[in-house]
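Asks: To convert, take the position in the sequence shown, counting from 1, and add 34; that gives this note's numbering.
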Amino acid sequence: MKKTATSFIIISASVFVLAACGAGAKDKKGSLNDMKVKLEKLKKDKQSLDAEIRDLEKQITKLDPNATAIKKLVEVDTLRIADFKHYIELQGKIDADGMGYVAPTGMGGQVKAVYVKLGSHVRKGQLILKLDDALARQSVVAARQSAGVLETRLAQAKTVYQKYQNLWKENIGSEIQVINAKADVDALQSQLNAAKAQIAQAQEQVNMSNVYAG
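1) Could you check which residue in 202, 192, 206, 244 has the C-alpha nearest to that of residue 164?
2) Going by DSSP in three states, residue 244 sits in which element: helix, strand or coil?
3) Since residue 164 sits in a beta bridge, which residues does DSSP pair it with?
4) Look up residue 125 in the DSSP assignment and say whether it is helix, strand or coil.
5) Between the alpha carbons of residue 36 and residue 71, how many angstroms are there, rounded?
6) Could you tell me whether the stretch 187 to 207 touches the stretch 155 to 170, using the rule of 3 or more Cβ pairs below 8 Å?
7) Is there contact here, the stretch 206 to 215 with the stretch 223 to 237, by at least three beta-carbon pairs under 8 Å?
8) Using a threshold of 8 Å, state whether the C-beta atoms of residue 166 and residue 144 are closer than that.
9) Between the C-alpha atoms of residue 186 and residue 172, what's the straight-line distance to the nearest angstrom?
10) Do the CB positions of residue 229 and residue 170 come within less than 8 Å of each other?
11) Look at residue 247 and residue 162 and say whether their C-beta atoms are less than 8 Å apart.
12) Please go through the same chain and pick out, in chain order, the residues whose beta-carbon is closer than 6 Å to the beta-carbon of residue 74, but skip the five residues on each side of it.
13) Kindly indicate if chain C contains any beta-carbon less than 8 Å away from that of residue 176.
14) What is the DSSP secondary structure of residue 114, counted as helix, strand or coil?
15) Taking 8 Å as the cut-off, decide whether the C-beta atoms of residue 177 and residue 232 are in contact.
16) Considering only their Cβ atoms, is the gap separating residue 174 from residue 237 smaller than 8 Å?
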């Protein structure tokens with residue numbers, strides 16, 4: 035009777051161990067399936083996130099091409115001898131050896147434009163400022179118009195003088211007419227020369243409206 039009871043206990047224990055092992059295997063298989071399902075879900079989520087990242091990068095690149103530029107963290111290069119230059123920023127004060135003053139050579143005028151700033155370094159012949167040359171240009175136009183009128187009158191006077199001279203050679207007319215005609219030509223020629231000088235002077239005033247460094 036004791037032997038039978040012992041055998042039953044051993045058999046029961048064996049069945050229990052087998053049942054426990056079977057349950058553990060099922061639990062492991064269930065856990066593995068859960069991990070596989072979770073892995074697939076994560077992969078799908080990653081694909082979705084990667085697509086969203088690429089789309090955002092494209093949009094950012096359109097707005098700022100330099101924003102997504104790939105930077106090289108490590109670069110391989112060949113060793114060679116070269117100069118090493120290192121720069122630092124320092125603050126200081128520079129005192130000029132001298133100071134230049136600029137003034138127009140002709141009459142003064144209203145400043146129309148300034149092409150340099152206070153303390154700027156300038157070179158000889160550099161345009162510094164421009165004066166208002168409206169009046170000077172009007173003087174040039176008026177002088178040219180006056181010269182044009184005088185040229186026309188001079189041409190007419192020369193024609194009259196030539197006619198009187200031809201008549202005088204043929205003993206027609208009087209000598210006084212020739213003399214007066216010649217005087218008119220000389221007077222108009224002098225006026226024309228003065229008008230041309232006035233044109234040059236007015237043009238010089240226009241040119242002096244540009245003030246250069248001397």
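Backbone N, C-alpha and C fix where the C-beta goes; we use that ideal spot for every residue, glycine too.
Replies: In short:
1) The residue labelled residue 164 in the question sits at position 130 within the sequence shown. Comparing Cα positions, the closest option is 244.
2) Counted from its first residue, the sequence shown places residue 244 at position 210. Three-state result, residue 244: strand.
3) The sequence position of residue 164 within the sequence shown is 130, counting from 1. Paired residue(s): 147, 244.
4) As a working mapping, residue 125 is identified with position 91 in the sequence shown. In the structure shown, residue 125 adopts coil according to DSSP, grouped into three states.
5) On the sequence shown, position 2 is the one that residue 36 refers to. On the sequence shown, position 37 is the one that residue 71 refers to. Unreliable placement is indicated for residue 36, whose pLDDT of 45 sits below 50; the coordinate value is still reported in the next sentence. Answer to the nearest angstrom: the Cα atoms are 53 Å apart.
6) no
7) no
8) Within the sequence shown, numbered from 1, the residue matching residue 166 stands at position 132. Within the sequence shown, numbered from 1, the residue matching residue 144 stands at position 110. Yes. Within cutoff.
9) Position 152 of the sequence shown holds residue 186. Position 138 of the sequence shown holds residue 172. Spanning the two alpha carbons is a distance of roughly 22 Å.
10) Along the sequence shown, one-based indexing puts residue 229 at 195. Along the sequence shown, one-based indexing puts residue 170 at 136. Taking 8 Å as the Cβ cut-off, residue 229 and residue 170 do not qualify as a contacting pair.
11) Position 213 of the sequence shown holds residue 247. Position 128 of the sequence shown holds residue 162. Closer than 8 Å, so yes.
12) Your numbering for residue 74 matches position 40 in the sequence shown. Within the same chain, residue 74 has no close Cβ partners at all.
13) Note that chain C does not occur in the displayed structure, where there is just one protein chain.
14) Against the sequence shown, residue 114 aligns to sequence position 80. Residue 114 falls in the coil class under three-state DSSP.
15) Position 143 of the sequence shown, counted from the first residue, corresponds to residue 177. Position 198 of the sequence shown, counted from the first residue, corresponds to residue 232. Closer than 8 Å, so yes.
16) Numbered from its first residue, the sequence shown carries residue 237 at position 203. Numbered from its first residue, the sequence shown carries residue 174 at position 140. Yes, the Cβ-Cβ distance between residue 237 and residue 174 is below 8 Å.
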